[in-house]
Amino acid sequence: MHNHEHHHHAPTAPMVVEPPAADEGEYTCPMHPEVRQRGPGTCPKCGMTLEPVLPELEQEENPELKDFSRRFWWTLPLTVIVTLLAMGGHALNLFHGTTQNWVELIIAAPVALWAGWPFYVRGVRSVIQRSPNMWTLIGLGTSAAFLYSLAATLAPGVFPVTFEVDGRIGVYYEAAAVIISLTLLGQMLELRARSQTSAAIRSLLGLAPKTARRIATDGSEEDIPLSHVHSGDTLRVRPGEKVPVDGVVLQGESAVDESMLTGEPLPVMKRAGDALIGATLNTHGSLVMQAQKVGSATMLAQIVQMVVQAQRSKAPMQRLADVIAGYFVLAVIAIAVLTFFGWGLWGPQPSWVFGLINAVAVLIIACPCALGLATPMSVMVATGKAAGSGVLFRDAAAIENLRKIDTLIVDKTGTLTEGRPAFHSVEAVAGFSEDEVLRLAASLDQGSEHPLAHAIVERARSAGLALSAAEDFESASGIGVRGQVDGHRLQLGNTALMADAGVATDALQARAEQLRGDGTSIMYLAVDGRLAGLLAVADPIKPTSRLAVERLQADGVRVIMATGDGLTTARSVARQLGIEEVHGEVKPQDKERLAASLQQAGHRVAMAGDGINDAPALARADVGIAMGTGTDVAMNSAQVTLVKGDLLGILRARSLSVATVRNMHQNLTFAFAYNTLGIPLAAGLLYPLTGHLLSPLIAALAMSVSSASVVFNALRLRRATIE
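For the sequence shown, the working numbering assigns the number 838 to the initial residue and increments by one for each residue that follows.
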């Protein structure tokens, strides 16, 4: 009937993004998303604590955070005492000779053996799994310091006399204890920071109501927990309540506020047959609905899944950091061994003691935890922040790639325009009034399902015109509709329908062309074989589209429109938006080809669309951007979804992408710079110049500071302004 694109859809079509199914009780590693297991534990690759795949709303405190906090606070006094003793015990002459070693052993043992136990378990596992990581270094460093000291306490006679200071062999219990306390502290800070990033997800989960009111077959009603709602149940949504799950209105009418999910500020009228989205707010009327999608199939659950998935996916930069970290640990162990033998063979007396102290310091200062945290922290903070401003990233790669985009292909209907046709104008020929043309057309169109017909009927109703019933209504495939109204024979449709009926349209030809130039679709109305008038229906441009296009072009992004709609309409919209390059009457495979040809020419292409016909191109583009108001298929094919469905979201996503990648670079620089400076210091290369050694204590402190600096730098992203 009209040359409109064939992917019109209700603007409230439930949004579904099929993620990998996440079972309840499944856990995964924040740095290695491919690691999955039932129940909590630690990652076999990097030893980090696993997190639940889907965060619970009522999340009690992380059990590991609780465990580490307990180990930390119970043993902190012992660490402080043993450190004070080691530093000032001999000056105070509290203990005689070897007694001090025994006292230090008794105080430090609980710290080294109980508080540090999880670190040894992880260290051993990393060796068994052949994936060296930070725990390999911490385990080696602390156990070397503790075992050396234990030997010095139990069998001082084995050591050469030169090792003696003040009648006893020097021990390093305090180094082992302080390293463990500081590492526990670092882990606690990190676990806390990680729990903040899932707050974005928990706030999304919190949108859903806790209960639903089910209407039984006998008409009785009861409130049941949300988890007991099944697809097909009949539910009542009272005024002021939230819609419990995705479904469809059976009876009643009300305006529903969907702003929390779609960003549309105005409540949307819902009548029988309209789609409802779970977690949206019913304003004033009572609705009876049928549940269709429940549990993890609802739009809200899918949005949550997408955010979770993006937070878990690894940035390409992270894969590089992982590989480097593996080699790095081996290199560090080699340097530590060289340090030990280098000092032992050529160092000043007591050379082997110096060798041991420096080897332990090297192992500890080089701990690559800061390196491992550098990119995941940035990705987690960025995806949480993005979700808060209506941008959903499916994976970390999308965040990295978006800033490199130089060409954007946009679909017209539903992306640049509202995708819901609105009445534009009516023209009548002599002998008919405009109201009469509108009344007759609307009366006939009451039986039509077409979105354009819907726009005409809405306009007639709002103008208060009394519509009559249509008889003998029939739809002439794709070109218009026919029927009887008030005893008159009516035809309403395009030029082809008029030609079929032998009705001359010359009288309105010039006006029709002018209106088409404004981007409207034209329908002629014939009454009893005579032309009565025409009606123009336009798909209004979204208010944000012009600004978004201007700003993207100002950023150096070339914007191209590709649409299935007619060229005249497409050009008119492009003209209003300042888009130079337009492709009209494009089929889905043509959009994909356009993206592919631009990629072959060396462009980085993003595609923004909302319909089923955009899906192939969304999947082909370097970054596919789907409108959250669009179809499920589009969202499955895209890496970025704009919940509000307006193009300004692309600008927000792009500036966030730039900020995130900058943040990752800063984090990696912190981590590397710190390690490259720290290792030679710890190995004692500066000793001949300064006469000072870096004690393992200071090394442990520096290690914690580096991890903390990365975490806090990533959290800075939460305050980044995104346009």
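Glycine residues also receive a C-beta, built at the ideal position from the N, C-alpha and C atoms.
Whole beta strand (DSSP E) runs in the segment 1270 to 1313 with 3 or more residues, listed along the chain?
1307 to 1313
I need the DSSP call for residue 1358, collapsed to helix, strand or coil.
strand
Spatial distance of residue 1555 from residue 1238 (CA atoms):
20 Å
Status (buried if at least 16 other CB within 10 Å, exposed otherwise) for residue 914
exposed
How is residue 850 classed by DSSP in three states: helix, strand or coil?
Confidence in residue 850 is poor, its pLDDT being 38 and thus under 50, which makes the residue's placement too unreliable to answer from.
Using the three-state DSSP reduction, which class does residue 899 fall into: helix, strand or coil?
coil
Within this structure, are the beta carbons of residue 938 and residue 1008 separated by less than 9 Å?
yes
Does residue 1489 come out as helix, strand or coil in the three-state DSSP assignment?
helix
Rank 1227, 1373 and 1297 by C-alpha distance to the C-alpha of residue 1466 and give the top, closest one.
1227
Could you tell me the alpha carbon to alpha carbon distance between residue 1336 and residue 1398, rounded to whole angstroms?
32 Å
Going by DSSP in three states, residue 1009 sits in which element: helix, strand or coil?
coil
Please name the residue in 925, 1479 and 1548 whose C-alpha comes closest to that of residue 1230.
1479
Residue 1292 to residue 1445, Cα distance in whole Å?
26 Å
To the nearest angstrom, how far is it from the Cα of residue 1279 to the Cα of residue 1263?
12 Å
Can you grab the Cα-Cα spacing for the pair residue 1495 / residue 1084, in whole Å?
39 Å
Only counting the same chain, and skipping five residues up and downstream in sequence, which positions put a Cβ closer than 8 Å to that of residue 1539?
1202, 1511 and 1515
Using the three-state DSSP reduction, which class does residue 1185 fall into: helix, strand or coil?
coil
Determine the direct distance from the alpha carbon of residue 966 to that of residue 941, and round the result to whole angstroms.
34 Å
State buried or exposed for residue 1200, treating a residue as buried only when at least 16 other CB atoms are found within 10 Å of its CB.
buried
If residue 1129 and residue 1068 are in contact, beta carbons under 8 Å, what's the gap, nearest whole angstrom?
6 Å
How close, in whole Å, do the beta carbons of residue 918 and residue 944 come, if the pair is a contact with beta carbons under 8 Å?
6 Å
Classification of residue 1064 by the beta-carbon crowding that lies within 10 angstroms, buried from 16 upward:
exposed
What is the rounded straight-line gap between the Cα of residue 1138 and the Cα of residue 957?
39 Å
Taking the CB atoms as reference points, tell me whether residue 1106 and residue 1116 lie closer together than 9 Å.
no
Assuming residue 1504 and residue 1460 form a contact by the criterion Cβ under 8 Å, report the distance between their Cβ atoms to the nearest whole angstrom.
About 23 Å separates the two Cβ atoms, so there is no contact after all.
Quick one, which of 1521, 1549 and 1557 has its alpha-carbon nearest residue 1175's?
1521
Please name the residue in 1029, 1304 and 1322 whose C-alpha comes closest to that of residue 1310.
1322
Can you give the Cα-Cα distance for residue 1171 and residue 1197, rounded to whole angstroms?
12 Å
Where does residue 1554 fall in DSSP's three states?
helix
Could you tell me if residue 869 is buried or exposed, where buried requires 16 or more neighbouring beta carbons within 10 angstroms of its beta carbon?
buried
Spatial distance of residue 1015 from residue 1433 (CA atoms)
58 Å
Could you check what DSSP says for residue 933 in three-state terms: helix, strand or coil?
coil
Residue range of the alpha helix (DSSP H) that includes residue 963
954 to 965
For the candidate residues 982, 1005, 1388 and 1121, whose alpha-carbon lies nearest to that of residue 992?
1005
Minimum length 4: unbroken alpha helix (DSSP H) runs contained in the segment 1393 to 1417:
1404 to 1414
First and last residue of the uninterrupted beta strand (DSSP E) at residue 1073
1071 to 1074
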